[in-house]
Amino acid sequence: GAGVSQSPSNKVTEKGKDVELRCDPISGHTALYWYRQRLGQGLEFLIYFQGNSAPDKSGLPSDRFSAERTGESVSTLTIQRTQQEDSAVYLCASSLQGFSEAFFGQGTRLTVV
Amino acid sequence: GDSVTQMEGPVTLSEEAFLTINCTYTATGYPSLFWYVQYPGEGLQLLLKATKADDKGSNKGFEATYRKETTSFHLEKGSVQVSDSAVYFCALKDSSYKLIFGSGTRLLVRP
Numbered sequence: 071g072a073g074v075s076q077s078p079s080n081k082v083t084e085k086g087k088d089v090e091l092r093c094d095p096i097s098g099h100t101a102l103y104w105y106r107q108r109l110g111q112g113l114e115f116l117i118y119f120q121g122n123s124a125p126d127k128s129g130l131p132s133d134r135f136s137a138e139r140t141g142e143s144v145s146t147l148t149i150q151r152t153q154q155e156d157s158a159v160y161l162c163a164s165s166l167q168g169f170s171e172a173f174f175g176q177g178t179r180l181t182v183v
Numbered sequence: 163g164d165s166v167t168q169m170e171g172p173v174t175l176s177e178e179a180f181l182t183i184n185c186t187y188t189a190t191g192y193p194s195l196f197w198y199v200q201y202p203g204e205g206l207q208l209l210l211k212a213t214k215a216d217d218k219g220s221n222k223g224f225e226a227t228y229r230k231e232t233t234s235f236h237l238e239k240g241s242v243q244v245s246d247s248a249v250y251f252c253a254l255k256d257s258s259y260k261l262i263f264g265s266g267t268r269l270l271v272r273p
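Line order of the protein sequences matches chains A and B.
Our numbering puts the first residue of the first sequence at 71, with every later residue one more than the last.
Our numbering puts the first residue of the second sequence at 163, with every later residue one more than the last.
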């Protein structure tokens, strides 16, 4: 597709379960970002991938959160043992290398019950 | 570390009023600067950008000028419309190409 694609668009999970969120970046984009947006709040940086460099994981809130990226393609954000405070919209963005603008997906709305 | 500071919202204006949303940044080197907009129920869209000092980004009647001397990138529009009601985010891309956002400013335009 032409844009950043995220799946699922909505996810309801029980507290304590693991979830995987997927992001398909725009083809050719070497940079990929994950953010979390709680209701009515700003964007909280989680993790950043740039090409084959080591990812910047400085925003991951706990060791329950992890992310992987296959080359310059799909990325998966995994949240283990989900808690109610993990409920948020998880946004993925991709960009060309360098200072280019980032394009965002529609997000995955995660609800932990 | 690098950071972006935006004015607190919400900003409430009447239609056709002049809009300014302040944004200042802290960064080493020469970041690129962006404004993103999030309309109700929608995802983030790029509104405008500037990549070097004194550049002016513009789109849909909105403008922002990259001011290195004041480390600012204030968003302006001469005459707002109800359809401009949204949350506006200022952001920078630093020398490591990490994208950092401000906290967002909600704009409400009344008819």
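Every residue, glycine too, gets a C-beta built ideally from N, C-alpha and C.
One or two residues paired with residue i in a DSSP bridge
{"i": "A/A172", "result": "Beta-bridge pairing links A/A172 to no other residue."}
{"i": "A/T178", "result": "A/Y160"}
{"i": "B/T167", "result": "B/T186"}
{"i": "B/L261", "result": "B/K255"}
{"i": "A/Q76", "result": "A/C93"}
{"i": "B/S194", "result": "B/K255"}
Contact list for residue i against chain A, beta-carbon separation under 8 angstroms
{"i": "B/G205", "result": "L161, F174, G175, Q176, G177"}
{"i": "B/F251", "result": "G112, L113"}
{"i": "B/G264", "result": "G112"}
Beta-carbon spacing of residue i, residue j below 9 angstroms
{"i": "B/L254", "j": "B/G219", "result": "no"}
{"i": "A/S93", "j": "A/T146", "result": "First, the amino acid is wrong: residue 93 of chain A is Cys here, not Ser. Yes, they are a contact pair."}
{"i": "A/Q176", "j": "A/Q76", "result": "yes"}
{"i": "B/Y187", "j": "B/D164", "result": "yes"}
{"i": "A/V74", "j": "A/A163", "result": "yes"}
{"i": "B/W197", "j": "B/L210", "result": "yes"}
{"i": "B/L270", "j": "B/V173", "result": "yes"}
{"i": "B/T233", "j": "B/A179", "result": "no"}
{"i": "A/A101", "j": "A/S165", "result": "yes"}
Neighbour flag for residue i against chain A, beta carbons, 9 angstroms
{"i": "B/Y198", "result": "yes"}
{"i": "B/A208", "result": "Note that residue 208 of chain B corresponds to Leu in the displayed sequence, not to Ala. So yes, B/L208 belongs to the interface."}
{"i": "B/K222", "result": "no"}
{"i": "B/Y259", "result": "yes"}
Chain-ordered neighbours of residue i on chain A, where CB pairs are closer than 7 angstroms
{"i": "B/S176", "result": "Here the premise fails: no neighbours, minimum Cβ distance about 24 angstroms."}
Within chain B, partners of residue i - CB distance below 7 angstroms
{"i": "A/E142", "result": "Ordered by position in chain B, no residue passes the 7 angstroms Cβ test against A/E142, which lies about 14 angstroms from the chain."}
{"i": "A/A101", "result": "Y259"}
Min CB distance residue i to chain B below 9 angstroms
{"i": "A/A124", "result": "no"}
Quiz prompt | Length at least 3, wholly inside the stretch 79-161 of chain A: the beta strand (DSSP E) runs in chain order | solution = Restricting attention to beta strand (DSSP E) runs no shorter than 3 residues, the stretch 79-161 of chain A encloses them at 80-83, 89-94, 101-107, 114-120, 135-139, 145-149, ordered along the chain.
Quiz item: Which full runs of the beta strand (DSSP E) of 3+ residues lie inside the stretch 198-244 of chain B, going along the chain?
Solution: Listed in chain order, the complete beta strand (DSSP E) runs (minimum 3 residues) inside the stretch 198-244 of chain B are 206-212, 218-221, 224-227, 237-239.
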